[in-house]
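Numbering (my numbering), first residue to last: 2 to 362. Some notes on the structure that comes next.
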């Protein structure tokens with residue numbers, strides 16, 4: 002089996018579901034179940050012997066060591082992270098604890114396990130670390146997209162903590178020989194996305210008749226990657242990636258935030274029109290931009306295509322329609338994920354600078 006950390010979060014849970022739909026190799030799923038970790042996302046796996054769920058922290062070295070010794074996974078895929086930029090601005094310490102110290106302790110436990118493996122298992126073992134394009138910083142309007150050679154220039158507590166974790170993974174490979182791979186993705190969207198991020202927040206707020214908050218002028222540009230395409234890329238890198246290498250994963254869909262919001266509104270106008278006949282666009286509200294808001298991210302994923310033959314299967318048009326349709330069909334999941342903790346945080350954030358105009362991967 003493989004060990005997946007953060008496998009009850011948005012991308013991690015989609016990866017777990019996708020992996021088990023593709024074959025019979027089992028998953029040991031370690032997740033702390035913070036506010037964004039939702040076991041209901043994995044409800045379809047109840048009773049499936051291929052899925053072993055453990056609630057726990059990647060920073061708990063003793064727990065990770067015990068799990069590695071007991072289940073002896075052939076690979077570790079690390080999704081576990083605090084990942085919301087707005088939250089990192091309000092409370093950066095949690096991001097340092099999980100993304101930096103947690104990753105360090107996970108690496109130490111994995112390194113100890115790997116070093117004691119028989120030679121053939123040691124050679125076959127992999128540690129795949131999932132990161133974000135925000136580590137590269139921001140781009141001007143006409144600058145070339147980020148390649149894997151772009152220097153790290155993180156601009157938020159979140160991206161700085163992820164950059165630190167990436168460096169720890171790299172150092173563990175170059176110093177100790179741990180067989181690592183790193184993937185750096187653009188903004189993910191799709192099913193099971195927690196409704197603090199741009200696309201699900203727009204859908205949820207629109208249907209509830211609430212304002213659709215857009216930061217600044219709404220012209221912040223992001224590349225958008227359908228989450229199941231991201232999952233297929235990770236599987237491919239895990240299977241054939243060169244050790245110690247980083248692979249950018251992007252959707253080739255650069256779009257400004259306001260265009261994303263307008264597209265969501267147009268789909269909702271079509272699929273679930275407002276009772277008063279007006280467009281959901283009338284709910285768009287521009288709010289004060291957040292501190293240090295990066296203007297543009299863009300991912301060049303040609304290395305992944307060239308070396309491993311991966312390309313995204315979804316265009317933005319097909320992926321966003323599937324996403325809106327999924328949220329319309331899963332209202333109960335949305336209601337259940339909006340816990341008291343989430344609502345209290347969102348209310349606090351709205352009191353200062355409304356959330357939702359940015360979706361961090």
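Note that beta-carbon positions come from the ideal geometry of N, C-alpha and C, so glycine has one too. These numbers were taken from a predicted model, which means no experiment stands behind them.
If we ignore side chains and look at the alpha-carbon of each, how far apart do residue i and residue j end up?
i, j, result
"residue 31", "residue 185", "21 Å"
"residue 74", "residue 227", "28 Å"
"residue 92", "residue 229", "30 Å"
"residue 267", "residue 283", "11 Å"
"residue 21", "residue 241", "19 Å"
"residue 17", "residue 291", "33 Å"
"residue 134", "residue 287", "25 Å"
"residue 15", "residue 143", "33 Å"
"residue 277", "residue 313", "38 Å"
"residue 244", "residue 122", "15 Å"
"residue 294", "residue 214", "15 Å"
"residue 339", "residue 197", "10 Å"
"residue 2", "residue 8", "14 Å"
"residue 218", "residue 43", "37 Å"
"residue 325", "residue 269", "8 Å"
"residue 115", "residue 72", "13 Å"
"residue 297", "residue 251", "14 Å"
"residue 318", "residue 145", "24 Å"
"residue 285", "residue 257", "15 Å"
"residue 309", "residue 237", "7 Å"
Below 9 Å between beta carbons: does that hold for residue i and residue j?
i, j, result
"residue 200", "residue 261", "yes"
"residue 129", "residue 239", "yes"
"residue 273", "residue 173", "no"
"residue 1", "residue 249", "Outside the shown range of the chain, which is 2 to 362, sits residue 1, and nothing can be said about it."
"residue 157", "residue 100", "no"
"residue 28", "residue 65", "no"
"residue 180", "residue 105", "no"
"residue 98", "residue 62", "no"
"residue 289", "residue 177", "no"
"residue 235", "residue 328", "no"
"residue 49", "residue 33", "no"
"residue 161", "residue 155", "yes"
"residue 80", "residue 131", "yes"
"residue 137", "residue 88", "no"
Over what stretch of residues does the beta strand (DSSP E) that includes residue i continue unbroken?
i, result
"residue 257", "255-257"
"residue 188", "188-190"
"residue 46", "Careful: residue 46 lies outside any beta strand (DSSP E) and carries neither H nor E."
"residue 66", "That residue, residue 66, is in no beta strand (DSSP E); its alpha helix (DSSP H) goes 62-72."
"residue 284", "Note, residue 284: premise wrong, no beta strand (DSSP E); not H, not E."
"residue 147", "No beta strand (DSSP E) holds residue 147; DSSP gives it neither H nor E."
Go ahead and pull the three-state DSSP assignment for residue i.
i, result
"residue 213", "strand"
"residue 98", "helix"
"residue 121", "helix"
"residue 23", "helix"
"residue 176", "helix"
"residue 129", "strand"
"residue 291", "coil"
"residue 316", "coil"
"residue 32", "strand"
"residue 279", "coil"
"residue 328", "helix"
"residue 194", "coil"
"residue 12", "helix"
"residue 264", "helix"
"residue 365", "Not covered by the structure: residue 365. The range shown for the chain is 2 to 362."
Starting from residue i, trace the alpha helix (DSSP H) both ways and give me its first and last residue.
i, result
"residue 200", "199-208"
"residue 78", "Not the alpha helix (DSSP H): residue 78 falls in the beta strand (DSSP E), residues 76-79."
"residue 230", "228-241"
"residue 338", "332-338"
"residue 371", "Past the boundaries of the shown model lies residue 371; the chain is included only from 2 to 362, so the question cannot be answered."
"residue 114", "104-116"
"residue 309", "303-309"
Measure the beta-carbon distance from residue i to residue j and round it to whole angstroms, keeping in mind my assumption that it falls under 8 Å.
i, j, result
"residue 187", "residue 311", "About 14 Å; that fails the 8 Å criterion."
"residue 281", "residue 209", "Contact doesn't hold; Cβ gap of about 11 Å is too wide."
"residue 83", "residue 182", "In fact, because the Cβ distance is near 22 Å, the residues do not count as touching under 8 Å."
"residue 108", "residue 169", "6 Å"
"residue 189", "residue 12", "6 Å"
"residue 10", "residue 37", "5 Å"
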